Amino acid sequence: MTGKSEFPVQLVQPDGRRVLDPEHAALVADVGPEQLRELYEDMVVTRRIDTEATALQRQGQLGLWAPLLGQEAAQVGSAHALHPDDYVFCSYRETAVAYCRGVPPTDLTGLWRGAAHHCWDPHAVNMTNPNIVVGSQGLHATGYAFAAHLDGADIATIAYFGDGASSQGDIAEAMGFAASWSAPVVFFCQNNHWAISEPVRVQSATPIAHRAYGYGMPGEQVDGNDVLAVLAVTRQAVARARSGCGPSFIEALTYRMGPHTTADDPTRYRSTAETEQWARRDPIDRMRKLLEREDLWDEAFARRVAARSDEVAQAVRSATIGMPDPAPTELFDHVYATPHPLITEQRRAYAEYLTGDPGLSSARGEGVPQ
Ligand SMILES: Cc1ncc(C[n+]2csc(CCOP(=O)(O)OP(=O)(O)O)c2C)c(N)n1
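For reference, each letter of the sequence shown is one residue, going 1 to 370 in the UniProt record's numbering.
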């Protein structure tokens, strides 16, 4: 990673033609027909999961969902660059990363249904659960990476966050610390052009990747709708981190084609012309065109991918609807790792309230230790 590219790194144009860039192409020279098809399939399946989850929210089966629509290449490309022992620290939108890490699709919705405090077992896949506190995962990724560095472990961590999060103090602190202490972390910013209704142009006066130089780490802009280019630059950053050379920053230029979450109406703040322009750069269409150009596309393959997508979406739907309601007092579980008298008392008072016990003074907080 030189950090000197004048233009975003691109290996495949929107019409499916390869770009002549020997330096970055060499990083994915081993990606043959099967892997190209696998990248395509992962993007299609994760879009299908996302569409299903959005529909489940509209049908009242989920409280909320944060769609990844349009960001499939940024997520699938980067996730494929990671090793199983690397650790992922994500925001709330990285469904495709989770899928590529091996999270069972049926584990993706529990938190959003309000049926559990978490979605998947983080240690089973080395990936944290959805994190709503914007930017905080940069600090978590840096802390974990630094500890691994001290332990002599040859691993990397990756922090996924958005263009809006890049303005957070947490990200600034994480980048400063990681660069000074050579923590093996990859800062992966998905610049999807919007932080809810805030456009990226008021977020940063320079390309976000340029900020990396000020911290003392390489920064690269990549076409985030080009899955091969994302794979290439993330492999480079991960290799750098794993070999002890410290952190890197990647800005993947992509677009949030859907709403911020299902609670948002993007037509109130952005134009149809803008969304149509980005629809023409759809990451899945681009990969399909590449496969067609390189004679890797046929109807049998298309049918297999469609069948797999439907099967996974159906599993997500059934698992979501079938999730048992948790006991209300589970609200107090996992607040602290060890019992805490205040939480214990609140749980007792709430249980008493639920059973209709007239001792409601406790539920109102009277007598609860402060
Ligand atoms: C610390 C904090 N501040 C504000 C919010 C409210 N909030 C939730 S998402 C969001 C926008 C984040 O935008 P961006 O980082 O670009 O990521 P994107 O949602 O586009 O993926 C905001 C301000 C929050 N969850 N956490």
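The C-beta atom is built at its ideal place from N, Cα and C for all residues, glycine as well.
These figures come from a predicted structure and were not determined experimentally.
Comparing C-alpha distances from D154 to each of V185, A25 and G70 shows the shortest one belongs to V185.
Between the alpha carbons of L11 and V335 lies a distance of about 46 Å.
CA-to-CA, the gap between I343 and L331 works out to about 10 Å. Taking a C-beta distance under 8 Å as the contact criterion, G135 and A179 do not qualify as a contact pair. Contact annotation, H210 with G219: C-beta distance approximately 6 Å; criterion of less than 8 Å satisfied. Following the DSSP letters along the chain, one finds V19 in no alpha helix (DSSP H), marked with neither H nor E. Taking the Cβ of S91 as the reference point, at least one heavy atom of ligand 1 falls within a distance shorter than 7 Å. Residue environment for Y87: buried (at least 16 other C-beta atoms within 10 angstroms of its C-beta). I196 is bridged by DSSP to nothing; it lacks a bridge partner. With a cut-off of 7 Å, the C-beta of D163 is classified as near ligand 1, since at least one heavy atom of the ligand falls inside that distance.
Residue burial is scored here from C-beta neighbours: F7 has fewer than 16 other C-beta atoms within 10 angstroms and is therefore classed as exposed. DSSP links Q10 through a beta bridge to no other residue. When DSSP states are grouped into helix, strand and coil, M217 belongs to the coil group. By the neighbour-count criterion, in which 16 or more other beta carbons inside 10 Å mark a residue as buried, L82 falls on the buried side. Shown here, Y99 sits in a helix according to DSSP, grouped into three states. Within the segment 13 to 96, the complete beta strand (DSSP E) runs of at least 3 residues fall at 87 to 89. Here the segment 100 to 110 lies against the segment 41 to 55, with 3 or more beta-carbon pairs under 8 Å apart.
Cβ contact annotation for Y99 (same chain, cutoff 6 Å, sequence separation greater than five): T46, in chain order.
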